[in-house]
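In our numbering, the protein residues as written are 97 to 315. C-beta: ideal position from N, C-alpha, C; glycine also. All values reported here derive from a predicted model rather than from experimental measurement. Read the structure below first, then the notes.
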């Protein structure tokens with residue numbers, strides 16, 4: 097069943113709250129791929145700085161050998177310790193470890209042989225809770241369903257949070273002001289703005305606001 101944008105966002109937020117309660121991760125992100133040739137887009141993120149978040153949904157899912165290993169075995173939950181050489185590889189040494197992370201996992205969300213999304217979790221301790229693998233294995237089908245719903249045409253509409261951001265963009269607010277108004281991080285605002293641009297097929301704020309006015313997206 098395809099979820100409405102609001103229902104999809106509610107479901108995403110509920111599952112992430114559940115995940116954060118069960119696994120005290122320092123950072124995480126859930127994303128989806130609108131089509132086989134499209135770049136991956138974030139549905140929700142927490143704890144990552146913007147450069148790390150962008151990397152995880154671009155170069156990492158596209159070219160990193162560690163994620164390739166995850167894609168090759170999507171039903172398994174693989175942590176850094178399970179991937180030979182990952183901890184001393186370029187991704188960990190140049191980006192994740194300097195950001196304060198000591199362990200992590202990524203999940204390839206697939207529909208048949210097609211990669212439709214990814215879930216990333218990073219921890220500030222090398223000691224992962226013993227129940228982590230079992231919990232994530234149980235969570236996987238629901239994450240796959242969310243990624244699948246996000247790729248459906250009806251979900252191309254802006255989510256409730258994206259409409260909030262777009263409304264403030266139309267008022268001329270900066271990312272920092274939007275962050276303060278909505279109580280979220282500026283980097284998260286940036287992610288929402290990028291998501292809005294991708295959904296509306298525009299490349300700047302003025303075009304996004306013009307499209308919103310033309311299509312009567314805002315009251």
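{"Asked": "CB contact flag (residue 236, residue 220, <9 Å)", "Found": "no"}
{"Asked": "Exposure of residue 204, with buried meaning 16 or more beta-carbon neighbours within 10 Å", "Found": "buried"}
{"Asked": "Secondary structure of residue 202, DSSP reduced to three states", "Found": "strand"}
{"Asked": "Proximity below 9 Å, CB of residue 240 to CB of residue 202", "Found": "no"}
{"Asked": "Endpoints, beta strand (DSSP E) assigned at residue 180", "Found": "Residue 180 -> no beta strand (DSSP E), and no H or E assigned at all."}
{"Asked": "Under 9 Å between C-beta atoms of residue 105 and residue 257", "Found": "yes"}
{"Asked": "Inter-stretch contact (C-beta, 8 Å, three-pair minimum) for the segment 140-149 and the segment 121-131", "Found": "yes"}
{"Asked": "Residue span of the beta strand (DSSP E) that contains residue 216, given as start and end", "Found": "210-219"}
{"Asked": "Integer Cβ distance of residue 217 from residue 200, believed to fall under 8 Å", "Found": "6 Å"}
{"Asked": "Residues bridged to residue 138 [DSSP beta-bridge criterion]", "Found": "127"}
{"Asked": "Residue 175, DSSP secondary structure in three states", "Found": "strand"}
{"Asked": "Short Cβ contact (9 Å threshold) for residue 151 with residue 127", "Found": "no"}
{"Asked": "The alpha helix (DSSP H) enclosing residue 286, as first and last residue numbers", "Found": "282-296"}
{"Asked": "Inter-residue Cα distance where the pair is residue 262 and residue 302", "Found": "11 Å"}
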